[in-house]
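Colleague: Protein chains in written order, with our numbering: chain A, 1 to 305; chain B, 1001 to 1550.
Glycine residues also receive a C-beta, built at the ideal position from the N, C-alpha and C atoms.
Structure in structure tokens, see below.
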């Protein structure tokens, strides 16, 4: 197992390298630059600003020195926020996105698996169609609609929560729901599908024939293989949840990394975009690995070479 | 509003959605919800909660470029003069009084002896000199260094032609007397001094964190910042808020009612929701689609103030047939500006028939063109496109925004319906839009200009031939000659006359088509008193107070 994990780590390095390289050069192809402004900037002033950050050097040299710093964990200065480094910005904003993501993940798992299992218990009854209908709406309803809707109802009409911010514990509720319900909907459908497939199999019939209670069979025998499809989805989903959601962070004004990332792209803050991309790529690789390990643990039939 | 009782919590869990809450968030619920919202606590503590709309980049008065930055800097630092919000005239600030030489080129400022920096050091004439030298240093690469160019030798120093700052027209006669020499009289000079580019900085603080001309040192961090303004920097949490606190040692501290101000970086729709839920005293701007609602339902919170800006279309005059002034004027005359402002802003912004916006004390906008469809059609057929026949397909470029998109669609439809032109729309992301207008790779582009100081010249000069802000390819010798005359004329009546002539020429030549003048539309809680913004974004927080509601 350890060898397997070590090998997966080594395999991830070239992927990261490719991501950094592609992103570095693609960014430079985009029109504009970090110092573009609506107001005309004298050429000499612009040249000085670029020279300060080494942007006047040949692109390939900039690339190699970026890689050199990256290896040492230095993501460089932000071009948009003078006096701040990318490391500082990530350190300030990533924990907030992680927390939001964790709450969202919790909502997604509890609601998703819960609804999926409930709808399985009595297929094609209202207990099935109601959660599944809800899940369909959840999938179709984008977060930029759901978020303001929740704010309207729970904040502006009922006055239970703040409309924006990330200060009190109550401020976590609406963003976590907005973020989590979308993923919950997918997980519910995947869980239901996975469970239905399992439930028709011989070992379940055997278990039932032996006289085990239905609830126990569902929870003990069917759930484990049944949530495998949901688990496969969970890898990228968790990376997405934890790396910050631009929409949710914007709607509720949460100072997470997702907002910084999107704004950095608009601002052509090359180093900040690159830094966050590297981080996200690493997180996606990591979560995929975790999911693979989880699948092996849940499904002994799966053997890794 | 905003209060969360145990009762409402329980009922939350009784509802279907509530059961979801109870499942996963019960642990959170204990600390849920404030018993008093921020508007209320703000009134009690005299802390103003205001939306500043964006995360500011820096607090360095010599390198910042945006209004949101200026709004915070204006609380932390103070220049020689301030703006009197009553009549926009220059008011004493760090300078208690001044004298002007007979020829209008030498200004002597007498600084307050009791003014101090937030670390207790006295504010001296040398601190101002240090500030001037800093912003003009070529290596600082300040985009706004040109604001100091009226000062003798400032431009030469900034462009590296002279290296000795002693040759620049500013000197300290003694600790509290500062003399500034201009290379020619500038009637608006005293107003210029309230702009952040002219602010002093604390020399020892700057030098403790780097060289005088290093733009990226950490002196602007809360733990390092030293200012001479009515407030001091307490906290700067990006993405969350900036907190400033009353400076008890400020020379005019007796006039400050607020104990502090918190600036939030919320997008306008988010700010509007925060305002509605009692989290903000002021949010600026109001999302356009919410204007009619607030104006009609909550007029006591809906505010409009002058703002020194114009919204216009640029025409690329290097592309035929836009090289023909008749075609450009026809396009301008065919636009129903009233309909545009009615549709987009509920009629709350003034339609523009001239280029210089309102707000200048002695220069009110006067229409210099009058929309006239018949004349527009006539001009178009004279130019060879009767009823729009044979007019090439052209595009209207705008940067991503619902507002710009809606305005461009209205113009497109008016030009189609009334002139028979088929133009298409083209949306571009901000940087792409900037790049293309800079390279003149467009036909018609949405545009705007916000003045840095209250002088029509600030607007007219953008269209000087070959200037970096022109971006239309248009150049006109008569216009440039008028600009030079405006600079050289001290007599205000004659100067006003030249300005009007230049404006008339510009709008009739139509490299730009003014659509409307900006204004500030914002929401203000009735508790906020003495809130008096100025058209150039300069704010004084000194007199503001928060009164409990009756």
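(1) Quick check: what's the CA-CA separation for residue 1269 (chain B) versus residue 1058 (chain B)?
(2) What residues in the stretch 124-142 of chain A have a beta carbon less than 9 Å from any beta carbon of chain B?
(3) Taking 8 Å as the threshold (beta carbon to beta carbon), is residue 246 (chain A) in contact with chain B?
(4) Taking the straight line between their C-alpha atoms, what separation do you get for residue 1438 (chain B) and residue 1064 (chain B)?
(5) For residue 191 (chain A), which residues of its own chain have a beta-carbon under 7 Å away from its beta-carbon, when the five flanking residues on both sides are left out?
(6) Please classify residue 1293 (chain B): is it buried, with 16 or more other beta-carbons within 10 angstroms of its beta-carbon, or exposed?
(7) Return yes when the Cβ of residue 36 (chain A) is within less than 8 Å of the Cβ of residue 268 (chain A), no when it is not.
(8) Residue 1264 (chain B) to residue 1124 (chain B), Cα distance in whole Å?
(9) Which residues of the stretch 1460-1490 of chain B have a Cβ closer than 8 Å to any Cβ of chain A? Give them in chain order.
(10) Between which residues of its own chain and residue 1388 (chain B) is the CB-CB distance below 6 Å, once the five residues before and five after are set aside?
(11) One question on the structure: do residue 1150 (chain B) and residue 1189 (chain B) come within less than 8 Å of each other, judged by their Cβ atoms?
(12) How would you list, in chain order, the residues of chain A whose beta-carbon sits under 7 Å from the beta-carbon of residue 1504 (chain B)?
(13) Can you tell me where the alpha helix (DSSP H) with residue 1314 (chain B) in it begins and where it stops?
(14) Leaving out five residues on either side along the sequence, give the residues of the same chain with a beta carbon under 8 Å from the beta carbon of residue 1362 (chain B).
(15) Give the C-beta separation of residue 107 (chain A) and residue 181 (chain A) to the nearest angstrom, bearing in mind that I take them to be a contact with Cβ-Cβ under 8 Å.
(16) Does DSSP classify residue 1451 (chain B) as helix, strand or coil?
(17) With DSSP as the reference, label residue 143 (chain A) as helix, strand or coil.
(18) Say whether chain B places a C-beta atom closer than 8 Å to the C-beta of residue 308 (chain A).
(19) So is residue 121 (chain A) buried or exposed if we call it buried at 16+ other beta carbons inside 10 Å?
(20) Does the Cβ of residue 157 (chain A) have 16 or more other Cβ atoms within 10 Å, making it buried, or fewer, making it exposed?
(21) Kindly list, in the order they appear in chain B, the residues whose Cβ is closer than 8 Å to that of residue 266 (chain A).
(22) Would residue 1434 (chain B) pass as an interface residue toward chain A - the criterion being a Cβ-Cβ separation below 8 Å?
(23) Which one or two residues does DSSP pair with residue 1177 (chain B) in a beta bridge?
(24) Taking Cβ to Cβ, would you say residue 1415 (chain B) is nearer than 8 Å to residue 1315 (chain B)?
(25) Taking the beta strand (DSSP E) that residue 117 (chain A) belongs to, which residues open and close that run?
(26) Return the Cβ separation of residue 996 (chain B) and residue 1474 (chain B) in integer angstroms, given the expectation that the two are a contact with Cβ distance under 8 Å.
(27) Considering just the uninterrupted stretch of the beta strand (DSSP E) at residue 1425 (chain B), what are its terminal residues?
(28) How many angstroms separate the CA atom of residue 224 (chain A) from the CA atom of residue 32 (chain A)?
(29) Rounded to whole angstroms, what's the CA-CA distance from residue 1025 (chain B) to residue 1307 (chain B)? Just pull it up for me.
(30) For residue 1329 (chain B) versus residue 1091 (chain B), is the C-beta spacing smaller than 8 Å?
(31) Return the chain-ordered list of same chain residues with a C-beta closer than 7 Å to the C-beta of residue 198 (chain A), the five sequence neighbours on each side being excluded.
(32) One question on the structure: do residue 233 (chain A) and residue 270 (chain A) come within less than 8 Å of each other, judged by their Cβ atoms?
(33) If we cut at 8 Å on Cβ distances, does residue 1239 (chain B) have a partner in chain A?
(34) Assuming the contact rule is C-beta atoms closer than 8 Å, residue 1148 (chain B) and residue 1198 (chain B) should be a hit. Round their C-beta distance to whole Å, please.
(35) Among the candidates B:1172, B:1182 and B:1133, whose CA atom is the shortest distance from the CA of residue 1160 (chain B)?
(36) Where do the ends of the alpha helix (DSSP H) carrying residue 46 (chain A) lie?
Modeller: Checking against the coordinates, here is how it stands:
(1) Working through the second chain from its first residue, we reach residue 1269 (chain B) at position 269. Working through the second chain from its first residue, we reach residue 1058 (chain B) at position 58. Rounded to whole angstroms, residue 1269 (chain B) to residue 1058 (chain B) spans 24 Å at the Cα level.
(2) none
(3) As a first step, residue 246 (chain A) is located in the first chain; it is residue number 246 there, counting from the start. Chain B, which has no Cβ nearer than 8 Å to the Cβ of residue 246 (chain A), makes this no.
(4) Position 438 of the second chain, counting from 1, holds the residue named residue 1438 (chain B). Position 64 of the second chain, counting from 1, holds the residue named residue 1064 (chain B). Rounded to whole angstroms, residue 1438 (chain B) to residue 1064 (chain B) spans 22 Å at the Cα level.
(5) Stepping through the first chain from its first residue, residue 191 (chain A) is reached at position 191. Once the five neighbours on either side are set aside, the close Cβ partners of residue 191 (chain A) are 112, 113, 116, 117, 226, 227 and 230.
(6) Within the second chain, the letter at position 293 stands for residue 1293 (chain B). Exposed.
(7) Locating residue 268 (chain A) in the first chain gives position 268, where the first residue counts as 1. Locating residue 36 (chain A) in the first chain gives position 36, where the first residue counts as 1. Between residue 268 (chain A) and residue 36 (chain A), the C-beta spacing is below 8 Å.
(8) Here residue 1264 (chain B) refers to the residue found at position 264 when the second chain is read from its first residue. Here residue 1124 (chain B) refers to the residue found at position 124 when the second chain is read from its first residue. Taking the straight line joining both Cα atoms gives about 33 Å.
(9) 1467, 1468 and 1469
(10) In the second chain, residue 1388 (chain B) corresponds to position 388, counting from 1. Take residue 1388 (chain B), set aside five residues on each side of it, and the residues of its chain with a beta-carbon closer than 6 Å to its own are 1419, 1420 and 1421, in chain order.
(11) Here the question's residue 1150 (chain B) lines up with position 150 in the second chain. Here the question's residue 1189 (chain B) lines up with position 189 in the second chain. Yes; because the gap between Cβ atoms is below 8 Å, this pair is in contact.
(12) Residue mapping note: residue 1504 (chain B) aligns to position 504 of the second chain, counting from 1. Taking the beta carbon of residue 1504 (chain B) as reference, no residue of chain A falls within 7 Å; the closest one sits roughly 25 Å away.
(13) Stepping through the second chain from its first residue, residue 1314 (chain B) is reached at position 314. Residue range 1302-1315 is occupied by the beta strand (DSSP E) that includes residue 1314 (chain B), with no alpha helix (DSSP H) assigned at that position.
(14) Residue 1362 (chain B) sits at position 362 when you count from the first residue of the second chain. The beta carbon of residue 1362 (chain B) sits closer than 8 Å to the beta carbons of 1492 and 1496 from its chain, once the five residues preceding and following it are set aside; these are given in chain order.
(15) To locate residue 107 (chain A), count along the first chain from 1; it is residue 107. To locate residue 181 (chain A), count along the first chain from 1; it is residue 181. Contact holds; Cβ gap of about 7 Å.
(16) Residue numbering aside, residue 1451 (chain B) sits at position 451 when the second chain is read from its first letter. Residue state, collapsed to three classes: coil.
(17) Translated into the one-based positions of the first chain, residue 143 (chain A) becomes position 143. Collapsing the DSSP output to three states places residue 143 (chain A) in a helix.
(18) Coverage of chain A is limited to positions 1 through 305, which leaves residue 308 (chain A) absent and any answer about it impossible.
(19) Within the first chain, the letter at position 121 stands for residue 121 (chain A). Answer is exposed; the Cβ neighbour count stays below 16.
(20) Locating residue 157 (chain A) in the first chain gives position 157, where the first residue counts as 1. The residue is exposed, with fewer than 16 neighbouring Cβ atoms inside 10 Å.
(21) Position 266 of the first chain, counted from the start, is the residue given in the question as residue 266 (chain A). Within 8 Å Cβ-Cβ: 1429, 1430 and 1431.
(22) Taking the second chain and counting its residues from 1, one reaches residue 1434 (chain B) at position 434. Closer than 8 Å to some Cβ of chain A, the Cβ of residue 1434 (chain B) qualifies, so yes.
(23) Taking the second chain and counting its residues from 1, one reaches residue 1177 (chain B) at position 177. Paired residue(s): B:1110 and B:1174.
(24) As a first step, residue 1415 (chain B) must be located in the second chain, where it is residue number 415. As a first step, residue 1315 (chain B) must be located in the second chain, where it is residue number 315. For residue 1415 (chain B) and residue 1315 (chain B), no; Cβs fall outside 8 Å.
(25) The residue labelled residue 117 (chain A) in the question sits at position 117 within the first chain. No beta strand (DSSP E) contains residue 117 (chain A), which is instead part of the alpha helix (DSSP H) from 86-121.
(26) Residue 996 (chain B) falls outside the range modelled here, since chain B spans only 1001 to 1550, and no answer is possible.
(27) Mapped onto the second chain, residue 1425 (chain B) falls at position 425. That run of the beta strand (DSSP E) goes 1423-1428.
(28) On the first chain, position 224 is the one that residue 224 (chain A) refers to. On the first chain, position 32 is the one that residue 32 (chain A) refers to. So the two alpha carbons sit approximately 52 Å from each other.
(29) Stepping through the second chain from its first residue, residue 1025 (chain B) is reached at position 25. Stepping through the second chain from its first residue, residue 1307 (chain B) is reached at position 307. The predicted model places residue 1025 (chain B) with a pLDDT of 40, which falls under 50 and marks its position as unreliable, so this point remains unresolved.
(30) Along the second chain, one-based indexing puts residue 1329 (chain B) at 329. Along the second chain, one-based indexing puts residue 1091 (chain B) at 91. No, they are not a contact pair.
(31) By 1-based counting over the first chain, the position of residue 198 (chain A) is 198. Cβ neighbours of residue 198 (chain A) beyond the five flanking positions: 204, 222, 225 and 226.
(32) Translated into positions along the first chain, residue 233 (chain A) becomes position 233. Translated into positions along the first chain, residue 270 (chain A) becomes position 270. Against a cut-off of 8 Å, the Cβ pair of residue 270 (chain A) and residue 233 (chain A) comes out as no contact.
(33) If you number the second chain from 1, residue 1239 (chain B) lands on position 239. For residue 1239 (chain B), the answer is yes, since a Cβ of chain A falls inside 8 Å of its Cβ.
(34) Stepping through the second chain from its first residue, residue 1148 (chain B) is reached at position 148. Stepping through the second chain from its first residue, residue 1198 (chain B) is reached at position 198. Right, their Cβ atoms sit about 7 Å apart.
(35) Within the second chain, the letter at position 160 stands for residue 1160 (chain B). Considering only alpha carbons, the answer is B:1133.
(36) Within the first chain, residue 46 (chain A) is the residue found at index 46, counting from 1. Start and end: 43-52.
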